[in-house]
Each structure stands twice: as C-alpha cells, then as structure tokens.
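Enquirer: There's a structure below that I have some questions on.
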Ligand code: 5GP
Ligand code: ZN
C-alpha cells in the first residue's frame, strides 16, 4: 500500500467508498465523477502505477480485471447496449490517479 495513493486508501477501507464487487485480486467501485450513466472503476488491490509498469508475472491481473469488467457490464445491464473499457496511461493519456485501473463506461440509450 502507498500511503499517498487515493486508490490504496479506498482499497484499505479508509474511505466510505462502497464496493460493488471485491475479491482477493481487485475491487470495483463507482467513479466519483461519472462520464456516463454507468462508470465503474475496476482496480487491482496491488499498487501498480500504470500499464507501463506491469511485469510479465502481473499480466494475469489485467486478464482478471478485464473478465470482471465483462461480468460487471452484464450485472449493470449494459452488455447488450455496449460499453467502453479504458486504461489511461500516464499524464498524456489522461491518467490522473497513478494506481492501475480499468474504466467501464456505458449505459447510453439503454
Ligand atoms: P484516470 O484519469 O486516472 O484514468 O481516472 C481516475 C478516475 O478516478 C477519475 O475518473 C476520477 O473521477 C476518479 N476518482 C478520483 N478520485 C476518486 C475518489 O476518491 N473516489 C472515486 N470513487 N473515484 C475517484
Ligand atoms: Zn495505490
């Protein structure tokens, strides 16, 4: 855990953020500033700065994050209408929280 990291603090339970799903590898919660009717963040428990910093051994985490995003899309009822899955990577890629996370964005025109 990185003491200064907002997502590490959310994962540690130091905020009132509600988890829609959690397991040993990751947690899922709503984005505080949603860009769409459904905007979830799928966040590995392990502090990894970005996709750039993934080691080969950590590749399984991305696979797990993606599979859970797929399941959450179904659970949120956006799997048929469609959705976006997005990793922002570093500042130029729009990343502002430097703890790896996948955005699940959808719910338009359901
Ligand atoms: P990034 O641009 O780094 O890919 O996305 C970070 C996201 O985290 C942003 O969409 C932002 O709204 C969200 N966010 C930042 N701080 C918090 C927080 O304290 N709680 C929640 N639920 N979302 C946050
Ligand atoms: Zn962190």
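Residue numbers (my numbering): 34 to 143.
No residue lacks a Cβ here, since even glycine has one placed at the ideal position from N, Cα and C.
Quick caveat: nothing in here was measured; it's all calculated off a predicted structure.
Just to be sure I understand the criterion: a residue counts if its Cβ is closer than 6 Å to at least one heavy atom of ligand 2. Which residues meet that?
Expert: Matched residues: 35, 38, 40, 41, 80 and 132.
Enquirer: Find out if the Cβ-Cβ distance for the pair residue 137, residue 97 is shorter than 8 Å.
Expert: No, the Cβ-Cβ distance between residue 137 and residue 97 is not below 8 Å.
Enquirer: Between the C-alpha atoms of residue 118 and residue 42, what's the straight-line distance to the nearest angstrom?
Expert: Whole-angstrom Cα-Cα distance: 24 Å.
Enquirer: Taking the C-alpha atoms as reference points, what is the distance between residue 18 and residue 139?
Expert: One cannot answer for residue 18 here, as it falls past the ends of the chain, which runs 34 to 143.
Enquirer: On the DSSP letters alone, give me the boundaries of the beta strand (DSSP E) that residue 138 sits inside.
Expert: Run containing residue 138: 135-139, per the beta strand (DSSP E) assignment.
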